[in-house]
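**Q**
Protein chains: 2
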Amino acid sequence: MTTQETTRQTYDRLANMLRDTAALGGISGLLGWDEMVMMPPGAAASRSRQKAALSAVLHAKSTDPELGELLSQLAQADGLSEWEAATVRKAAKQYKKDTALTEEFVRRESAQETRGYTEWVKARQADDFTSFAPVLSEWVELKKERAAMVNPSGRAYDTLADDFSAGLTAERVTEIFDAVKAELIPFLAELREKGHAPDNSWLVNGDFDVEKQTALCFDIAKELGFDMDKGLLNVSVHPFTGGCGPEDVRMTTRYKQADVTEGLTGTIHETGHALYEQGRNMGEHAMDLPVNEAAGMAIHESQSLLWERMVALSMPFAEYLLPRLREKFPEQVGSRTAEDLYKAMNVVKMSNLIRVEADEVTYPMHIICRFEIERDLIEGKLDVKDVPAVWAAKMKEYLGVDVPSDAVGVLQDIHWNGMGAFAYFPTYTLGAMAATQIYETAAAQIPNLDDNIRAGDFKPLREWLRVNVHELGSLYETADELLVKVTGKPLDPRIFVAYLKSKYTSIYGL
Amino acid sequence: MTTQETTRQTYDRLANMLRDTAALGGISGLLGWDEMVMMPPGAAASRSRQKAALSAVLHAKSTDPELGELLSQLAQADGLSEWEAATVRKAAKQYKKDTALTEEFVRRESAQETRGYTEWVKARQADDFTSFAPVLSEWVELKKERAAMVNPSGRAYDTLADDFSAGLTAERVTEIFDAVKAELIPFLAELREKGHAPDNSWLVNGDFDVEKQTALCFDIAKELGFDMDKGLLNVSVHPFTGGCGPEDVRMTTRYKQADVTEGLTGTIHETGHALYEQGRNMGEHAMDLPVNEAAGMAIHESQSLLWERMVALSMPFAEYLLPRLREKFPEQVGSRTAEDLYKAMNVVKMSNLIRVEADEVTYPMHIICRFEIERDLIEGKLDVKDVPAVWAAKMKEYLGVDVPSDAVGVLQDIHWNGMGAFAYFPTYTLGAMAATQIYETAAAQIPNLDDNIRAGDFKPLREWLRVNVHELGSLYETADELLVKVTGKPLDPRIFVAYLKSKYTSIYGL
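First to last, the protein sequences are chains R and U. Numbering of the first sequence is given in the working numbering, commencing with residue 3 and proceeding in unit increments. Numbering of the second sequence is given in the working numbering, commencing with residue 3 and proceeding in unit increments.
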């Protein structure tokens, strides 16, 4: 038996264990989807028990000493392909994380999740940050403790960020966001003071039959390339994309009778996520293995936002959409032009306080506010009790708005308060920036991309993304490495800022 | 530490292990439901991998030596309640079964399931029993082998039957079915020769808007008592009731545009199953433990058929249903009376060859034909090659019909051919008989039951069933024991025969 054969056999054994875990992970995805879309409300308690039982099984598998043994044998092995090596690297990193936490800590964290969520819901309803502050402090301490267990010598924020986008650091995010702030804060002030907002009342304050909206959104999702043979589109309170892996991708959306943009942009956003999922339906070398996973949350968000913003909020898409919208809603659309539609889709919500309702120009400022606060909390440079004041000051500085209450301030998001997700927020805006950068490259490489979109031919763009982004899975270690591969350079905030300035200078007649 | 405390602790440890397995079993139920109702078709291969992974986990849990250890410690223990003792008894029996089979056998059986199903679908399409006969022979041998492993000293048929209804034996089934045959064969002949079939063409050959049918069936399911807060009603090709346990019961139905009885009786049948499931939402002493399970397939079927036949095919129900049906379908119902509806719902399909399309009078004969054949196959008294001839002879003797081809004969059912389920068929008719017997007792104990049904007040019956049947779970070892508890005697075929004779003598004007 040659050494080569031994490495092969060891790798195959590893791959079988990982595929088994991936299959159980797919089941976990189904439980999550079902809970949001189908599960009757009275089943919540029994579903909790099912999730706990499955989690225990998954935990046992992901911390199995045999897995650790195989991984350390393969760490130094020759003869693996770059895909296999990436699987080994990614699995080893995950194994290190999974085995780093004590059982006692995991139990404590899980208890805090229940308590945190419940207390947050109460505090938000009562608009009472003071009574919630101890819970937020507990979250901060717990997450610092987690980071210290996983990587005692690392910077805590970076360790936490790594779970959402591998290799992401506070330093890198600060560098990028500072560059955005320097340009975007004055530009937003200019928009507020000198800009002329387009009329979008006919689009967001109308009466749009939900059944017709649904038909329109199904058609568009299919035309964008969502494969209904390997996926579902349903309705849920909070739209999301999940399911059981590339062969069973389930996305949801929601419709508002008054505002047709809600369902449209929501569906297109989720279709972007879903195309990324379906686009990773790869061969034997990757399928059901860690290298087949998404390249982190920032890249995942780049795929949803590329379709939602770079495509669906563009002028060529307005030309594609107008006749379809008119066919379903002739009275509401009337004689409006594609330019009217384009402008109405791109109104900046200047005085908006709520992140999830923000547009592409103000959204980054909501994120930067949160990032700076969470970074300073984790690094011990900010006291929890001072968060509301800092929040208000930043919102004033970045967006020119006053924050009348914590319910529409620090208590608005589930991330820190209800889930303990610190270092997650940056991925939204890093994703938006990556979308702009990737789209710029795509537009340079795909002949007549605007014409394609105008004509409803989304295949060239979708295929370009599949080959250049989706099918790379997690082959590269960080989002920046992937961006270098795809666009020739790491994330460059100037591309994003230039895009926003050029687009909104024109729309707002600056 | 007293002995009492030790038993308690041992039992608690057992209960925790069993609850954990039940939670994973609930997940398995979700996978099954999802596959039939929601799953996109392209996800079949990935779903197979998920099911295989979960099966492996469940198998490991159900054959865990620690489980065996706890069960043997508790087998002789004092101080357990009757509920706890029943859980121990049932779990021990299951453990013995689960550990009796070799891995090699389980693999062979699983391979045969794939092969059997595929070959059966082909053979039925080609109407070719000869080429399928070897597969059926393999099934028979495999099931005899299984029975010998599980219980070397038992009668093979009885061992197989025990999986579907604990304690059921070929001898007992023969005794019951012989009594039915003696009465029902001549009665059916009389019906054929002298009876006058009511007109049901307006009900089964019409045009009934499916959306209206759906609304009607939802209303009726809710009025019967199906708790939509802890369950779902959807559509699938083959109606079934499944889901994830008493807090999440999912039933399906199907609608035919031409035949409103299809959706109605299907929904009511599944509601009967679902009420049994929801009715076992018991306390700590039973919940998620083996004693909380259904008392076998015959009793499960008794609950669906009690609502489908004893209730929904009765005259009082026709009086309840008529105005509801007329409201949705005024033209189709016209001036017809409740008696017209009652009679139209109770037409005997004299020349029908297909079991699943049979009515309550002919259905038992389809089952008896199958039982006698499978019993003789398993006992080596009948050769597979002779099955078509025996089938034809029995169908002629029992129902007076000629069997023109095996596709509508032995190849019609999935049970033996595609699944290897021998000793399952009797539970359908044993369930029908138990339904009659249980209903007779209920009618004697509930004041004015007919009036309740006429008025759409199903609560007294439902609550009576919950208390007297559902909440007993698997407390008693066999269906006959449960029937003694509920009705005062074991299954008595005379009640069933008397019910059919009296009802159809009147409807058919004998």
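Here a beta-carbon is modelled for each residue, glycine too, at the ideal position from N, C-alpha and C. In this text, all values refer to a predicted model and were calculated from it rather than measured experimentally.
Give me whichever residues DSSP pairs with Val251(R) in a beta bridge.
**A** In the DSSP output, where bridge partners are listed per residue, Val251(R) has Gly233(R), Gly245(R).
**Q** State buried or exposed for Val239(U), treating a residue as buried only when at least 16 other CB atoms are found within 10 Å of its CB.
**A** With fewer than 16 other Cβ atoms within 10 Å, it is exposed.
**Q** So with CB distances below 7 Å, who are the chain R contacts of Ser48(U)?
**A** Correct list: Gly28, Cys246, Gly247, Glu249, Asp250.
**Q** With distances taken Cα to Cα, identify the nearest neighbour of Asp231(R) among Glu249(R), Asp408(R), Glu279(R).
**A** Among Glu249(R), Asp408(R), Glu279(R), the Cα nearest to that of Asp231(R) belongs to Glu249(R).
**Q** DSSP three-state call for Met3(U): helix, strand or coil?
**A** Unreliable placement is indicated for Met3(U), whose pLDDT of 39 sits below 50; no coordinate value is reported for it.
**Q** Ala500(U) to Arg328(U), Cα distance in whole Å?
**A** Each residue's Cα considered, the two are about 33 Å apart.
**Q** Counting contacts by CB-CB distance shorter than 8 Å, is Thr4(R) in contact with chain U?
**A** Note that Thr4(R) scores 45 on pLDDT, short of 50, meaning its location in the model is unreliable and no value can be drawn from it.
**Q** If you reduce the DSSP assignment to three classes, tell me which class Arg282(R) lands in.
**A** Three-state DSSP puts Arg282(R) in coil, outside helix and strand.
**Q** Nearest chain U C-beta to Met253(R) closer than 8 Å, yes or no?
**A** So, not an interface residue.
**Q** Write down the C-beta distance between Val349(R) and Leu193(R) rounded to the nearest angstrom, noting that I regard them as a contact closer than 8 Å.
**A** Not quite, the Cβ-Cβ distance comes to about 11 Å (not below 8 Å), so this is no contact.
**Q** Cβ atoms of Val39(R) and Asn236(R): under 8 Å apart, would you say?
**A** It is a contact, given that the beta carbons lie within the stated cut-off.
**Q** Against chain R, with Cβ distances strictly below 8 Å, would Val59(U) count as a contact?
**A** For Val59(U), the answer is yes, since a Cβ of chain R falls inside 8 Å of its Cβ.
**Q** Which full runs of the alpha helix (DSSP H) of 4+ residues lie inside the segment 358 to 424 of chain R, going along the chain?
**A** The segment 358 to 424 of chain R contains these whole alpha helix (DSSP H) runs: 365 to 380, 389 to 401, 416 to 421.
**Q** Using a cut-off of 8 Å between C-beta atoms, extract the partners of Lys330(U) located in chain R.
**A** Per Cβ cutoff of 8 Å: no residues; Lys330(U) is ~21 Å from chain R at best.
**Q** Any contact of the segment 299 to 313 of chain R with the segment 265 to 275 of chain R, i.e. 3+ C-beta pairs under 8 Å?
**A** Yes: the two stretches touch, three or more of their Cβ pairs being nearer than 8 Å.
**Q** Tell me, to the nearest whole angstrom, how far the beta carbon of Thr65(U) is from that of Thr101(U); I am working on the premise that it is less than 8 Å.
**A** With a Cβ gap of about 5 Å, Thr65(U) and Thr101(U) count as contacting.
**Q** Would Ser30(R) be called buried (16 or more neighbouring beta carbons within 10 Å of its own) or exposed?
**A** Counting Cβ neighbours within 10 Å, Ser30(R) comes out buried, since at least 16 surround it.
**Q** Between the segment 440 to 470 of chain U and chain R, which residues of the former have a C-beta closer than 9 Å to a C-beta of the latter?
**A** Result list empty, no residue passes.
**Q** Tell me, please, whether the CB atom of Leu33(R) is closer than 8 Å to any CB atom in chain U?
**A** True, the Cβ-Cβ gap to chain U drops below 8 Å.
**Q** Let me know if Lys345(U) comes out buried or exposed under the rule of 16 or more other beta-carbons within 10 Å of its beta-carbon.
**A** Buried.
**Q** With distances taken between CB atoms, is the gap from Pro318(R) to Arg456(R) smaller than 8 Å?
**A** Against a cut-off of 8 Å, the Cβ pair of Arg456(R) and Pro318(R) comes out as a contact.
**Q** With 16 other CB atoms within 10 Å as the buried threshold, where does Gly285(R) fall?
**A** Exposed: under 16 other Cβ atoms inside 10 Å.
**Q** Is the CB-CB distance between Tyr430(R) and Ile369(R) below 8 Å?
**A** Yes, the Cβ-Cβ distance between Tyr430(R) and Ile369(R) is below 8 Å.
**Q** Does the Cβ of Ile375(R) have 16 or more other Cβ atoms within 10 Å, making it buried, or fewer, making it exposed?
**A** Buried is the call here.
**Q** Give the straight-line distance between the Cα atoms of Gly156(U) and Ala150(U), rounded to the nearest whole angstrom.
**A** Gly156(U) and Ala150(U): Cα-Cα distance of roughly 8 Å.
**Q** Between Gln96(R) and chain U, is any beta-carbon pair separated by less than 8 Å?
**A** Chain U, which has no Cβ nearer than 8 Å to the Cβ of Gln96(R), makes this no.
**Q** CB Phe460(U) to CB Glu225(U), shorter than 8 Å?
**A** Yes, the pair counts as a contact, with Cβ atoms nearer than the cut-off.
**Q** With distances taken from CA atoms, which of Arg338(R), Glu321(R), Ala184(R) is nearest Pro200(R)?
**A** The shortest Cα separation from Pro200(R) among Arg338(R), Glu321(R), Ala184(R) belongs to Arg338(R).
**Q** Would Ala17(R) count as contacting chain U if we go by Cβ distances under 8 Å?
**A** For Ala17(R), the answer is no, since every Cβ of chain U falls outside 8 Å of its Cβ.
**Q** Using a Cβ-Cβ cutoff of less than 7 Å, which residues in the same chain neighbour Asn470(U) once the five nearest sequence positions on both sides are dropped?
**A** Closer than 7 Å at the Cβ level, and outside the excluded window around Asn470(U), lie Val488.
**Q** Listed from N- to C-terminal order along the chain, which residues in the segment 222 to 238 of chain R have their beta-carbon within a distance smaller than 8 Å of any beta-carbon of chain U?
**A** Residues passing the 8 Å Cβ filter: Asp229, Met230, Asp231, Lys232, Gly233, Leu234.
**Q** What residues of chain R sit near Ala2(U), judged by a beta carbon separation below 9 Å?
**A** Outside the modelled stretch of chain U, which goes from 3 to 512, sits residue 2(U), for which no answer is possible.
**Q** So which residues of chain R does Gln75(U) contact, with C-beta pairs closer than 8 Å?
**A** In chain order: nothing, as chain R lies at least about 24 Å away.
**Q** I'd like to know whether the C-beta of Pro43(U) is nearer than 8 Å to at least one C-beta of chain R.
**A** It does; some Cβ of chain R falls within 8 Å.
**Q** Compare the C-beta of Met40(R) against all C-beta atoms of chain U and say whether one is closer than 8 Å.
**A** Yes, because at least one Cβ of chain U sits closer than 8 Å to the Cβ of Met40(R).
**Q** Quick one: residues in its chain with C-beta nearer than 7 Å to the C-beta of Gln259(U), no 5 flanking neighbours on either side, listed in chain order?
**A** Excluding sequence neighbours, Gln259(U) sits near Asp209, Phe210, Val212.
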